[in-house]
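Structure, as C-alpha cells:
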Amino acid sequence: MKKVYISLIVDLLHAGHIRVLKEASKLGEVTVGLWTLKACGEIDDIPYLDYDKRKEVLESLTMVKSIIPQDSASYKSNLLKLKPDFVVHGDDWKHNSQKRYRLEVIELLKHWNGELVEIPYSSDINDVNIKDQMSNLGITTTSRQGRLRRLIEAKPILKILEVHNALSALIAENTIETLENDEIVRFDGMWSSSLTDSTSKGKPDIEAVDTTARLTTINEIFEVTTIPMIYDADTGGKPEHFEFTVRSLERVGISAVIIEDKTGLKKNSLFGNEVSQTQDTIENFCYKIKVGKLAQITKDFMIIARIESLILEAGMEDALTRAFAYVKAGADGIMIHSRLKDPSEIIEFVERFRKEDSYTPIVVVPTSFNSVTTEEFTKIGVNIVIYANHMLRAAYPGMVKVAKLILKHKRSLEAEADCMPIKEILNLIPGTK
Ligand code: SPV
Ligand code: MG
C-alpha cells in the first residue's frame, strides 16, 4: 500500500476537503498532518476549534487512515519521518502565501522519488470564502471572547489597534497589508482606550465616562466586527465596583480587561508626574485583582494588571516587585507602561521579568517608545502590542484642516482634495445601495 500525506487545518470540514481526501485515498493509505495551533499561528490562520475537536471530526472519515500533528507551517519534519509516496494538496497553494512551503515539499519529495499531486481547488469552496461568509453572519459572544487566549497561545505576538467607534473598528478588522515576503498581516484585536473613548466624547481621561456609556460604544463596535477586544478599565474603581464591571464586560464578550495600579482621581499616564497621580499599594491592588478573578464567570476572560511604577518614577525594582505580586494574586497578564521615547527601561523590565516568569503574557503600549518593531518586541518576550490612540489621532487633524479650509474659502471646493470622494463613502459600507 502506498503512503499518502495530506496536510490540513479543517476548522470547517467542507466539500473541498472531501474532494481532496477522496482523490488521495485512491492513491493509497492516507495520513493527515493536522495543524497544531502553533503551526496555524505561523500563517495567521487561527482555527475556531481546538486540535482535539478537529481531530475528532477527521477520525470519523473512512478515507483517513491516521492523523498526526503537523507542528509547523513547513511540512519538512513530518515528510522526513513518513517519506510518503504522495503528497496531495489543493492547487490553490501555487499562488497564495503558502507557495514557499509548496516549493520545499517539491524539493523534499525528490529525495525518495515521491510525487506531489495537486487537485484543482474550486474557487467557490475554500476556507477563506467560508470564513468570510461566517464573519458576515457575525460571531457569538463566547467565540469572540475566547479567541484572545487562543491567539496568545498560537502567535508569537499580537497586534492590537485602538478603536473608538464602529467605523474605526471596521478599519481594525479589515485592514490587510501584504509584506515584501508575501506575508499577509492584519490586526488581531481591538483596544477600547479610555483616552480616545473619552476624547471622542469630548471629555477628559479621568474616568468621567461611565461604564454604561463605554459599553454602548462597544455594543456598536461589536455589531459590525468579529475580532476580540481588550478593554481599558482605568483603575477599575473600588473593588466592590470592579466586581460588577467584570461581569458586564464578560457579558458583552470582551476578552480582557486591563486595570492600572493607581488610586484617587485618575489622570492619563502620559502626563507622568507633571500632574499629581497616586499609585495604589501592592496590597490593595492585589485585593482588587482577586475580587475581579472571583467575580468572573467564564474561564476565558482575562484580567491584566498594569504597572505604573515607571510612569510615576517609582523605579524598576518597584515595577518588578509589583509584577510578581500581581501575578501571584491571579493576574492573567502584566502590562508595563513607560512614557520615555527611549525603550531601555521597558526592555530591561521585560527581560528581567522573563527570567523569572516565562509564561505570563506581557503587554506593552509603545506610544512614546514607538521606534520598536513587533519583531523586536517578540524577541524579548512581549506577547501583546497595543497601538493605543492612533486612529483618533489620525482622524482629528484631517477634520480640523478641512473645517478651517471651508471657513477660509467660504466654500468647500478647496477642501475636496483632503476629503474622501463621495462615491467612495457611499460604497464604503456594503448594503447601502
Ligand atoms: C489609553 O489608551 O487610554 C491608555 C494608554 O490607558 S495611555 O494613554 O498611554 O495611558
Ligand atoms: Mg487609559
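Heads up, the sequence shown stops at 463 in our numbering, and the numbers go up one at a time, no gaps.
Ideal Cβ placement from N, Cα and C applies to all residues, glycine included.
Fair warning: this is a prediction, and the values are worked out from it, not measured in the lab.
One question on the structure: do residue i and residue j come within less than 8 Å of each other, judged by their Cβ atoms?
i, j, result
"Ala-361", "Ile-334", "yes"
"Ile-341", "His-367", "yes"
"Val-34", "Val-118", "yes"
"Glu-253", "Ala-196", "yes"
"Leu-422", "Ser-230", "yes"
"Ile-214", "Phe-407", "no"
"Gly-411", "Arg-384", "yes"
"Thr-61", "Lys-95", "yes"
"Ile-288", "Ile-260", "yes"
"Lys-106", "Leu-139", "no"
"Ser-102", "Glu-53", "no"
"Gly-58", "Lys-83", "no"
"Lys-318", "Phe-272", "yes"
"Arg-179", "Met-365", "no"
"Ala-349", "Ser-339", "yes"
"Arg-216", "Thr-208", "no"
"Asp-121", "Glu-145", "no"
"Phe-399", "Lys-371", "yes"
"Asp-310", "Lys-292", "yes"
"Asp-218", "Lys-189", "yes"
Between residue i and chain D, is any beta-carbon pair separated by less than 8 Å?
i, result
"Ala-103", "Absent here is chain D; the protein component of the structure consists of one chain."
Would you kindly work out how many angstroms separate the C-alpha atoms of residue i and residue j, rounded to a whole number?
i, j, result
"Ile-459", "Ile-201", "11 Å"
"Ala-424", "Pro-77", "33 Å"
"Leu-133", "Ser-388", "35 Å"
"Ala-243", "Ala-418", "19 Å"
"Asn-126", "Gln-307", "52 Å"
"Asn-108", "His-194", "45 Å"
"Arg-49", "Glu-250", "40 Å"
"Met-93", "Thr-171", "35 Å"
"Leu-191", "His-420", "8 Å"
"Val-394", "Ser-442", "42 Å"
"Pro-99", "Lys-329", "26 Å"
"Glu-454", "Ala-447", "13 Å"
"Leu-91", "Leu-79", "18 Å"
"Leu-225", "Asp-264", "9 Å"
"Glu-290", "Leu-112", "51 Å"
"Asp-227", "Val-40", "39 Å"
"Gly-363", "Phe-315", "14 Å"
"Lys-233", "Trp-221", "18 Å"
"Gly-294", "Gly-266", "11 Å"
"Thr-397", "Gly-461", "36 Å"
"Val-276", "Lys-297", "22 Å"
"Asp-262", "Gln-128", "37 Å"
"Leu-38", "Ser-223", "38 Å"
"Val-432", "Glu-210", "35 Å"
"Pro-373", "Leu-435", "39 Å"
Within 10 angstroms of its Cβ, does residue i collect 16 or more other Cβ (buried), or is it exposed?
i, result
"Lys-185", "buried"
"Thr-352", "One point to set straight first is that residue 352 is Arg, not Thr, in the sequence displayed. It is buried - the Cβ of Arg-352 has at least 16 other Cβ atoms within 10 Å."
"Phe-301", "exposed"
"Glu-444", "exposed"
"Phe-274", "exposed"
"Glu-356", "Sequence check: residue 356 is Tyr here, not Glu. Per the 10 Å Cβ criterion, buried."
"Glu-270", "exposed"
"Lys-438", "exposed"
"Ile-136", "exposed"
"Asp-240", "exposed"
"Pro-150", "exposed"
"Arg-130", "exposed"
"Glu-89", "exposed"
"Ala-45", "exposed"
"Ala-69", "buried"
Does any heavy atom of ligand 1 sit closer than 7 Å to the C-beta of residue i?
i, result
"Asn-303", "no"
"Leu-300", "yes"
"Ala-238", "no"
"His-367", "yes"
"Val-395", "yes"
"Ala-503", "Outside the modelled stretch of the chain, which goes from 31 to 463, sits residue 503, for which no answer is possible."
"Thr-242", "no"
"Thr-226", "yes"
What are the start and end residues of the alpha helix (DSSP H) that includes residue i?
i, result
"Leu-38", "Where Leu-38 is concerned, there is no enclosing alpha helix (DSSP H), although the beta strand (DSSP E) it sits in stretches over 33–38."
"Asp-132", "First, the amino acid is wrong: residue 132 is Arg here, not Asp. Run containing Arg-132: 129–140, per the alpha helix (DSSP H) assignment."
"Ala-433", "420–439"
"Asp-348", "346–358"
Check whether the Cβ of residue i lies closer than 7 Å to any heavy atom of ligand 2, and answer yes or no.
i, result
"Ser-223", "yes"
"Asp-80", "no"
"Asp-264", "yes"
"Asp-121", "no"
"Asp-235", "yes"
Just curious, the beta strand (DSSP E) that residue i is in, first and last residue?
i, result
"Ala-335", "332–337"
"Leu-88", "Here Leu-88 belongs to no beta strand (DSSP E); instead the alpha helix (DSSP H) covers 81–89."
"Met-407", "Per the sequence shown, residue 407 should be read as Phe rather than Met. From DSSP, Phe-407 is part of no beta strand (DSSP E) but of the alpha helix (DSSP H) over 404–410."
Nearer than 7 Å: is that true of the beta carbon of residue i relative to any heavy atom of ligand 4?
i, result
"Thr-275", "As presented, the structure is devoid of ligand 4, carrying ligand 1 and ligand 2 as its sole ligands."
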